[in-house]
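Below is one structure, written out as structure tokens, with a few remarks after it.
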Amino acid sequence: MKKNRLVPLFLILFILSFLFLTFFSEAKTSSNKQKLNLLLITIDTLRPDRLSCYSSEYLPTPHIDRIAQKGILFKRAFAHVPLTLPSHVSIMLGTIPPYHGVHDNSHFIVRDEFLTLAEHLKSYGYATGAFVGAFPLDSRFGLTQGFDVYDDHYGSKSSQEFSFVERRAEVVVEKAVDWLGKQNRPWFLWIHCFDPHQRYDPPEPFKSEYKDNLYNGEVAYVDFALGQLFDFLKEENLENNTLIIFTADHGESLGEHGESTHGYFAYNSTLWVPLIISFPGATAKEIEDEVCHVDIYPTVCDMLGIKKPPFLQGFSLSPLIKGKKIPKREIYFESLYPYYSRGWAPLKGFIREDEKFIDSPIPEYYNLAQDFRESLNLASSKNLKELKAKLEKIIKEKSYADKIENEPKIDRETQEKLRSLGYVASLQISRKKVFTPKDDLKTLLPYQSML
Numbered sequence: 005m006k007k008n009r010l011v012p013l014f015l016i017l018f019i020l021s022f023l024f025l026t027f028f029s030e031a032k033t034s035s036n037k038q039k040l041n042l043l044l045i046t047i048d049t050l051r052p053d054r055l056s057c058y059s060s061e062y063l064p065t066p067h068i069d070r071i072a073q074k075g076i077l078f079k080r081a082f083a084h085v086p087l088t089l090p091s092h093v094s095i096m097l098g099t100i101p102p103y104h105g106v107h108d109n110s111h112f113i114v115r116d117e118f119l120t121l122a123e124h125l126k127s128y129g130y131a132t133g134a135f136v137g138a139f140p141l142d143s144r145f146g147l148t149q150g151f152d153v154y155d156d157h158y159g160s161k162s163s164q165e166f167s168f169v170e171r172r173a174e175v176v177v178e179k180a181v182d183w184l185g186k187q188n189r190p191w192f193l194w195i196h197c198f199d200p201h202q203r204y205d206p207p208e209p210f211k212s213e214y215k216d217n218l219y220n221g222e223v224a225y226v227d228f229a230l231g232q233l234f235d236f237l238k239e240e241n242l243e244n245n246t247l248i249i250f251t252a253d254h255g256e257s258l259g260e261h262g263e264s265t266h267g268y269f270a271y272n273s274t275l276w277v278p279l280i281i282s283f284p285g286a287t288a289k290e291i292e293d294e295v296c297h298v299d300i301y302p303t304v305c306d307m308l309g310i311k312k313p314p315f316l317q318g319f320s321l322s323p324l325i326k327g328k329k330i331p332k333r334e335i336y337f338e339s340l341y342p343y344y345s346r347g348w349a350p351l352k353g354f355i356r357e358d359e360k361f362i363d364s365p366i367p368e369y370y371n372l373a374q375d376f377r378e379s380l381n382l383a384s385s386k387n388l389k390e391l392k393a394k395l396e397k398i399i400k401e402k403s404y405a406d407k408i409e410n411e412p413k414i415d416r417e418t419q420e421k422l423r424s425l426g427y428v429a430s431l432q433i434s435r436k437k438v439f440t441p442k443d444d445l446k447t448l449l450p451y452q453s454m455l
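To convert a position in the sequence shown, counted from 1, into my numbering, add 4.
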């Protein structure tokens, strides 16, 4: 009789165990489904005024418009540096260059001690993948931290040098989509498209259609490539559980202020960037408040419901999205590439609402409400001593890595690859500390082509 009683008991335990495991598995799957995925898209060298969602008169960008039509468009977003690597480091670390210590595309790497956005999301169970378009984001510079996959393969060494250090947006998107198709848990995907960067060489039919303005052709091509990504998200029903953040690392001068590309001056032609945030249930709106790259990391944390690391220097943009306000602050920016590559005077400054100050041997001050293109320098009518003191206070309070000896270094291979992309990467680092108006970029840049 005892033996007979054990059989039903065994069956009951088996059934209960089965039900428990089934419930646990379904609960886990349900929990994963409830987590939003994160898609971060960064476009190199993209001016907002080339996007039709930013009222561009130059060209249509229907695919980028798709996310703006069901998302939040920030009309006044700014980079902290007009260069690829330091801008992306600020995005991925949520800190400005005096804190993370990366000031140009060649001489610095991301320190291991910092918690990147990828590392943070990975600790919450996210699969993490990055697919980048060009050498300034090569794995050697340290942004691989936290990524399960960091795809920076640009081609074979037997190909032309230029194609070896960059690849087209369609290639990046294709590889990213292939990775996405293999994921079975919440994911963070970062896609970087380099194409609008000079030299401007869009593929056909964009090359012919925009033969009079190849930069616009590059932007149109990137929009086309992203359309393939957005189509995949729609087909796989991923739009309904994905947070999409679209931005650029910096803009492009296109001749404004005498600068043909970027990396030297710190005007809005290169610091002003697009920023669009789209998520399930979002109602399209435009926000005029000044925001910046370091706001992306804390915004992601808020919108994904995860803890914000204490070192973040930006503000979550969730309050703005909900119609509330964030505290007023100074948005720091710098351009030190001319200093490290040529020994020219560094540029540093801040934006506070409509006020913009650029500290250099020939200081500049602009009222952005009346003069967003910075054509009228009002510095002679301002208290420069007070403005300089404010800037020094910002740097002092927000510095970290620069307080630690961080000797800039570069090898010849890195130098040559960056040179092929149009960057001057010097093996010798400038040690100059005192600058006069003769060292000012506004004085020296017109002579750049003679060097």
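Don't be surprised by glycine CBs; every beta carbon is placed ideally from N, CA and C.
For clarity, every value in this text was computed on a predicted model and none was experimentally measured.
Alpha carbon to alpha carbon, how far is residue 281 from residue 304? Give it in angstroms, no decimals. Cα to Cα, the separation comes out at about 10 Å.
Sort 296, 357, 153, 288 by Cα distance to residue 275 and report the nearest one. Looking from the CA of residue 275, the closest CA among 296, 357, 153, 288 belongs to 296.
Grab me the residues of residue 265's own chain with a C-beta within less than 7 Å of its C-beta, minus the 5 sequence neighbours each way, in chain order. Only 202, 256, 257, 426 meet the Cβ criterion.
By the three-class DSSP mapping on this structure, what secondary structure does residue 348 have? For residue 348, the three-state secondary structure derived from DSSP is coil.
Could you confirm whether any beta carbon from chain C is found closer than 8 Å to the beta carbon of residue 293? Of the chains in the structure shown, none is chain C; there is only one protein chain.
Return the first residue and the last residue of the beta strand (DSSP E) that residue 180 is part of. It is not in any beta strand (DSSP E) - residue 180 instead sits in the alpha helix (DSSP H) that spans 173-184.
Do residue 130 and residue 194 come within 8 Å of each other at the CB atom, strictly closer than that value? Contact: no.
Going along the chain, which residues of its own chain have a beta-carbon closer than 6 Å to the beta-carbon of residue 247, five neighbours each way excluded? Cβ within range, chain order: 40, 42, 283, 307.
Find out if the Cβ-Cβ distance for the pair residue 100, residue 402 is shorter than 8 Å. Here residue 100 is near residue 402, since their CB atoms are less than 8 Å apart.
With the cut-off set at 8 Å, would you say residue 93 and residue 111 are in Cβ contact? No, they are not a contact pair.
Reduced DSSP secondary structure (H/G/I, E/B, other) of residue 293: Collapsing the DSSP output to three states places residue 293 in a strand.
Whole angstroms are fine: how far does the CA of residue 241 sit from the CA of residue 349? Roughly 51 Å separates the two Cα atoms.
Span separating the alpha-carbon of residue 160 from that of residue 357: Only weak support is given to the placement of residue 160: the predicted model assigns it a pLDDT of 46, under 50, and the question is left unresolved by the model.
Going by CA-CA distance only, name the one from 442, 443, 84, 38 that's closest to residue 254. Distances from the CA of residue 254 to each of 442, 443, 84, 38 were compared; the closest alpha carbon is that of 84.
With 16 other Cβ atoms within 10 Å as the buried cut-off, status of residue 244: When all chains shown are included, residue 244 counts as exposed.
Within its chain, find whatever has a CB closer than 6 Å to the CB of residue 318; leave out the 5 residues flanking it on each side and keep chain order. Cβ within range, chain order: 98, 298, 299, 302.
Does the region 167-177 come within contact of the region 229-236, defined as at least 3 CB pairs closer than 8 Å? Segments in contact, yes.
Go through the region 51-108 residue by residue and report every complete run of the alpha helix (DSSP H) that reaches 4 residues or more, in order. The alpha helix (DSSP H) runs lying completely inside the region 51-108 and spanning 4 residues or more are 66-72, 88-97, 101-104, given in chain order.
Whole angstroms are fine: how far does the CA of residue 316 sit from the CA of residue 351? In a straight line, the C-alpha of residue 351 is about 24 Å away from that of residue 316.
Hey, would you say residue 223 sits closer than 8 Å to residue 88, going by beta carbons? The Cβ atoms of residue 223 and residue 88 do not sit closer than 8 Å to each other.
Quick check on the burial criterion: 16 or more other C-beta atoms within 10 angstroms. Buried or exposed for residue 438? Looking at its Cβ environment, which holds fewer than 16 other Cβ atoms inside 10 Å, residue 438 is exposed.
Simplified DSSP state of residue 278, which is helix, strand or coil: Residue state, collapsed to three classes: strand.
Below 8 Å, can you find three or more Cβ-Cβ pairs linking the region 139-155 to the region 115-126? Result yes; three or more Cβ-Cβ pairs closer than 8 Å.
Assign residue 354 to one of three DSSP states: helix, strand, or coil. Annotated three-state conformation of residue 354 is strand, per DSSP.
Rounded straight-line distance, which links the Cα of residue 334 to that of residue 399: Approximately 11 Å, taken between the alpha carbons.
Which same chain residues end up closer than 7 Å to residue 123 when comparing Cβ atoms and leaving out the 5 residues on each side of it in sequence? Correct list, in chain order: 149, 150.
For residue 360, which beta-bridge partners are listed by DSSP? Residue 360 is bridged to 355, 370.
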